[in-house]
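K.L.:
Following this message is one structure expressed as structure tokens.
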Amino acid sequence: MDNRNVKSAFEILIDEIKNVMNELNKKTEIALKNQNYEKAGRIIEVEKKINEFSEKVKKLKTEWNKIFDNKLSDNKYNRKELAKLNRGLKTSQNKFRIPLLESLVELGGKAKMKDVLNLLENKMRNQFNKYDLEGLPSDPKQKRWQNTAQ
Numbered sequence: 002m003d004n005r006n007v008k009s010a011f012e013i014l015i016d017e018i019k020n021v022m023n024e025l026n027k028k029t030e031i032a033l034k035n036q037n038y039e040k041a042g043r044i045i046e047v048e049k050k051i052n053e054f055s056e057k058v059k060k061l062k063t064e065w066n067k068i069f070d071n072k073l074s075d076n077k078y079n080r081k082e083l084a085k086l087n088r089g090l091k092t093s094q095n096k097f098r099i100p101l102l103e104s105l106v107e108l109g110g111k112a113k114m115k116d117v118l119n120l121l122e123n124k125m126r127n128q129f130n131k132y133d134l135e136g137l138p139s140d141p142k143q144k145r146w147q148n149t150a151q
């Protein structure tokens with residue numbers, strides 16, 4: 002059984018969703034630049050729905066890959082594997098996009114990173130999990146969610 006076509010289809014779909022999101026981001030940027038906040042808000046709502054859809058597609062892709070994952074675990078892990086957080090444990094970058102844009106709008110379109118991160122933290126506090134709140138292995142003072150948002 003060859004599942005490469007399905008894997009390719011998932012990759013194509015995910016890439017196309019990213020392309021649509023990039024175009025919507027450009028439209029949002031133009032609307033904000035033109036101070037058309039109502040239009041920017043409508044586009045952001047569409048982006049939220051597409052983000053949710055994208056997350057579902059990624060979960061389906063992961064589920065599909067697990068079905069065909071025949072790797073035998075020998076319980077030997079190298080150091081690099083132990084240091085890296087497994088995919089899907091932290092909050093995905095996509096979940097930061099809309100709250101980040103909303104924060105920028107609330108701050109007048111531009112702001113210092115610390116101000117944006119403070120507002121973003123207030124907006125997303127209930128979405129963070131224990132992995133998001135951990136310090137980075139490379140910089141324990143910086144929280145993982147901050148790195149993801151940046």
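Residue numbers for the sequence shown follow this note's numbering, so the first one is 2 and each next one is one higher. Every residue gets a Cβ at the ideal spot worked out from N, C-alpha and C, and that includes glycine.
In chain order, what residues of the same chain lie with their CB nearer than 6 angstroms to the CB of M125, ignoring the 5 residues before and after it?
P.N.:
P100
K.L.:
Assign Y104 to buried or exposed, taking buried as 16 or more other Cβ atoms, counted over all protein chains shown, within 10 Å of its Cβ.
P.N.:
Looking at the sequence provided, one finds Ser at residue 104 rather than Tyr. Buried, by the Cβ-count rule.
K.L.:
For N66 and A10, I'd like the C-alpha separation in whole angstroms.
P.N.:
12 angstroms
K.L.:
Evaluate R88 with the Cβ neighbour count: other Cβ atoms within 10 Å of its Cβ, from every protein chain shown; 16 or more gives buried, anything less gives exposed.
P.N.:
exposed
K.L.:
Could you say if the region 31-39 and the region 47-64 meet the contact criterion of at least three C-beta pairs nearer than 8 angstroms?
P.N.:
no
K.L.:
8 angstroms is my cut-off, CB to CB: does M125 come that close to chain C?
P.N.:
No chain C appears in this structure, which consists of one protein chain only.
K.L.:
On the three-state DSSP scale, how would you describe G136?
P.N.:
strand
K.L.:
Might you give, ordered along the chain, the residues of its own chain that have their beta carbon closer than 8 angstroms to the beta carbon of L134, omitting 5 neighbours on each side?
P.N.:
Cβ within range, chain order: K144, R145, W146.
K.L.:
Based on Cα-Cα distance, which residue from N26, Q151, E12 lies nearest to V58?
P.N.:
Distances from the alpha-carbon of V58 to those of N26, Q151, E12 put E12 closest.
K.L.:
Are R98 and E39 touching if we call contact CB-CB under 8 angstroms?
P.N.:
no
K.L.:
For a test of the three-state rule: what should DSSP assign to K142, helix, strand or coil?
P.N.:
coil
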